[in-house]
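Protein sequence lines correspond, in order, to chains E and C.
Just so you know, we're using the numbering used here here: the first sequence kicks off at 1 and counts up by one.
Just so you know, we're using the numbering used here here: the second sequence kicks off at 272 and counts up by one.
The structure appears below as C-alpha cells.
Protein chains: 2
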Amino acid sequence: MTTLSLSYLPSFRTTSFNDNDIRSMVWGYKIFGASNTMKMGRTMMYATPVTKGVNGKPAVVERTMIPTQKQFVDPFRQGIIILDGVGYRQTVVVRSYEVGPDKAVTLQSILNLLQETALNHVWMSGLLGDGFGATHGMMKNNLIWVVSRMQVQVDQYPIWGEILEIDTWVGASGKNGMRRDWEIRSHTTGIVFARATSTWVMMNQKTRRLSKMPDEVRAEISPWFINKQAIKEESVEKIDKLDDNAKYINSGLQVVKQSISLKFHDPLNIM
Amino acid sequence: MTTLSLSYLPSFRTTSFNDNDIRSMVWGYKIFGASNTMKMGRTMMYATPVTKGVNGKPAVVERTMIPTQKQFVDPFRQGIIILDGVGYRQTVVVRSYEVGPDKAVTLQSILNLLQETALNHVWMSGLLGDGFGATHGMMKNNLIWVVSRMQVQVDQYPIWGEILEIDTWVGASGKNGMRRDWEIRSHTTGIVFARATSTWVMMNQKTRRLSKMPDEVRAEISPWFINKQAIKEESVEKIDKLDDNAKYINSGLQVVKQSISLKFHDPLNIM
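Next comes the structure, spelled out in C-alpha cells:
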C-alpha cells in the first residue's frame with residue numbers, strides 16, 4: 001500500500017484477533033494509487049498517529065490530525081474524493097436525534113450535514129488551516145467564510161436509519177465569491193432527496209467587513225472550481241421584499257448566544 | 272462470505288471501477304464467521320436491499336431495514352458487537368456542529384451520541400421494533416423506555432475532528448429496570464474521555480404510568496445483561512434536595528415543543 005495520500009491520515013497496523021473484545025473496527029479501505037488488491041486476514045486495524053515517529057514510536061499526537069496534503073479517502077468519516085478529484089462524497093446514516101416525531105430528518109439536521117460535508121471537503125483538500133473551513137491563505141489574511149445565500153430544495157425527507165450519500169463541490173461565484181452545491185441521495189436506491197446551493201464570501205475577522213478574495217486564496221481554491229450545478233439558476237425563486245405591511249412581524253429580535261458563530265460574528269449583520 | 276448475520280443488512284455487489292465518479296464507498300468489511308480472508312479488487316461496493324427478491328431483483332425496499340436477527344457488524348454506522356457478543360462499539364468522528372466555540376464537544380452532543388449508540392445497540396440485537404429502542408415485546412405491551420437516572424463523568428472533552436470509540440452495554444437494575452453504561456475513548460490513544468451510566472424503566476404509552484417489566488420483555492433483553500460497570504456505584508455523588516431557600520430559582524417553566532419526546536411524553540413528569 002502506498003502512503004502517498006496518507007501522510008497525515010492515521011496509519012493502520014494489524015493486531016491479532018481477540019474474539020472477546022475486539023480492539024476496533026474491522027474495516028479495510030483502499031487508497032487510490034494503491035496496489036490493485038488488498039488482502040484482509042483474520043485481523044483488524046486501528047489508528048495510530050504518524051507524525052515522524054522516533055525509534056518506531058509515534059511522536060506527539062496532534063489530536064485533530066488535519067492533513068496538509070490532499071487526501072482521497074477518509075475511512076473514519078466514510079468520505080471519498082469524486083468528480084475527477086475535486087468533489088467530495090460522504091456516506092452517513094440518519095441518526096436518532098436528527099429526526100422529528102415523524103422520524104424524518106429535520107431541516108436543521110440537513111443544514112448541519114451540509115456544513116459538515118463542506119468542512120470535510122476542505123479537510124480532504126489539504127488546504128484547511130486551523131479555522132473552520134478557512135484555508136492557510138485565508139488565515140494569513142484574517143479571513144473567514146461567510147454564507148451570503150443558501151437555497152435548499154428537499155424532494156423527500158430521509159428517515160431515521162436511512163443511509164445517505166452526500167456529494168458536494170464548489171465553483172466560482174462572481175469575482176470574489178464561491179458557490180458550493182450539494183446533492184443528498186439515498187445510498188440504497190440512488191433517489192435524490194435534496195439539492196442545495198450556496199454562495200460564500202470572505203469576511204475580515206478583525207474589521208468585520210466583507211473582503212475581496214486575495215490572489216493567494218484564489219490560487220488555493222480555484223483549482224477545485226467546476227461548473228456543475230445542483231440547482232439550475234432559473235429555478236431560483238425570488239423572495240419578495242418585506243415592508244411594514246407584512247402579515248406577521250416579529251420585531252425586537254436579539255442575537256442570542258446560540259446565534260453567535262464559532263468565529264464570534266453575528267450572522268444577522270451579514271445576511 | 273456467509274450471509275448468516277447479514278439477512279437484513281444491505282448486500283454488496285461489485286461493479287467495475289470508474290475513476291471519474293465512484294458510485295460509492297470503497298469499504299470492505301468482515302463478517303464474523305466469514306471466511307478467513309476476503310479479497311478486495313479494483314472494485315467498489317454498494318448496498319442493495321435484500322428482502323426475498325423475485326427473479327434476482329430486490330423486492331420492495333424497506334427504507335430503514337431494521338434487522339430481525341442479531342447482527343455483528345454495521346458497516347455504515349461503523350458499529351460492531353463486542354464483549355462476548357453482548358456489547359456494542361461504534362466509531363464516530365466529532366462533527367463541526369457538535370462542538371462549541373472552543374472546538375470541544377458540547378455536553379448536549381455527548382448525550383446525543385449516548386442515545387444514538389444505545390439505539391444502535393438495540394438495532395444490532397435484532398430486538399428493535401418500530402419504536403425508538405422498544406423491543407417487539409415492549410411494543411406488544413404498549414411500553415416505551417424512559418430514562419429515570421443518568422450520570423455522565425467527563426474527564427476530557429473530545430475536540431472537532433477527533434475519532435472516538437463509544438462502547439455501550441446493559442445490565443439489570445433492580446427487578447424492573449435496566450442499567451445502561453457507556454465509555455467514550457480516543458480511538459487514537461485509547462484514553463478515556465467520558466464514562467456514563469443510566470437507569471431505564473418502562474412506561475405504558477397509553478396510561479402514562481411506569482410499568483413492571485413483563486416476563487416476555489425480560490426474556491428478550493436479559494440475555495444481554497452483564498455486570499460490568501462504567502462508573503463504580505460508590506462514586507455516585509448525591510445531589511441535595513432543593514427547597515425554597517435555593518440561591519437561584521427559575522420557576523414557571525413550561526414544556527416547549529422541543530422538550531416533547533418522539534413518543535409525545537413530557538420528560539418533566541417522569542424525572
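Here a beta-carbon is modelled for each residue, glycine too, at the ideal position from N, C-alpha and C.
On a predicted model such as this, the values are computed, not experimentally measured, just so you know.
Neighbourhood of residue i by C-beta distance below 6 Å, restricted to the same chain and skipping five residues each side
i	result
C:I483	At residue 483 of chain C the sequence reads Lys, which differs from the Ile that was named. The answer, listed in chain order, is N447.
C:R456	E436, V463
E:G252	none
C:M449	V441, W471
Listed by chain order, chain C residues near residue i by CB distance under 7 Å
i	result
E:G174	Near E:G174 there are no residues of chain C at all, since even the closest Cβ is about 26 Å away, more than 7 Å.
E:V93	F347, R348
E:T64	I430, W431, G432, E433
E:N112	Y368
E:L273	This structure cannot settle anything about residue 273 of chain E, because the visible part of chain E is limited to 1 through 271.
Residue i in three-state terms, based on DSSP
i	result
E:Y97	helix
C:S522	coil
E:A194	strand
C:N383	helix
C:R489	helix
C:T362	strand
E:A348	Residue 348 of chain E is absent from the model: chain E starts at 1 and stops at 271.
C:L378	helix
E:W123	helix
C:G408	helix
E:W145	strand
C:W495	helix
E:T207	coil
E:A118	helix
E:I66	coil
E:W200	strand
C:G448	strand
E:D102	coil
E:M274	There is no way to answer for residue 274 of chain E, as the model of chain E reaches only from 1 to 271.
C:R348	coil
C:T439	strand
Chain-ordered chain C contacts of residue i [CB-CB under 9 Å]
i	result
E:F132	S367, K374, W431
Buried versus exposed call for residue i [16 or more other C-beta atoms within 10 Å across all chains shown]
i	result
C:L513	exposed
C:G461	exposed
C:P494	exposed
C:Y359	buried
E:Y248	exposed
E:D74	buried
E:I80	buried
C:A389	buried
C:D452	buried
E:G133	buried
E:Q69	exposed
E:R209	exposed
C:L378	exposed
C:K406	The residue you asked about is not Lys; residue 406 of chain C is Thr in the sequence shown. Classification of C:T406: buried, given that the 10 Å Cβ count is 16 or more.
Spatial neighbours of residue i in its chain, beta-carbon cut-off 7 Å, leaving aside the 5 residues before and after
i	result
E:G137	P214, E216, V217, E220
C:R420	S469, T470
C:D426	V463, F464, A465
E:N204	N142, L143, S211
E:V94	V105, P158, I159, W160, G161, E162, L164
C:I497	L354, V357, W440, G442
E:K238	none
E:E183	D167, V192, R195, A230
E:T188	I163
E:L114	W182, A196
Proximal chain C residues relative to residue i, where beta-carbon distance stays under 8 Å
i	result
E:E116	R366, S367, Y368
Chain-order list of residues whose beta-carbon lies under 8 Å from that of residue i (same chain, five-residue window excluded)
i	result
C:M410	G400, D401, G402
C:N307	Low per-residue confidence applies at C:N307: pLDDT is 28, beneath 50, and the placement is therefore not dependable, though the value from the model is reported in the following sentence. Counting only Cβ-Cβ distances below 8 Å, and skipping sequence neighbours, we find nothing.
C:Q422	A467, T468, S469, I502, V507
E:S96	W160
E:N120	D74, R77, G79, Y88, Q90
C:K374	I430, W431
The ligand ADP heavy atom lying under 7 Å from the CB of residue i
i	result
C:T439	With respect to the ligand ADP, the structure offers nothing, as it holds no ligand at all.
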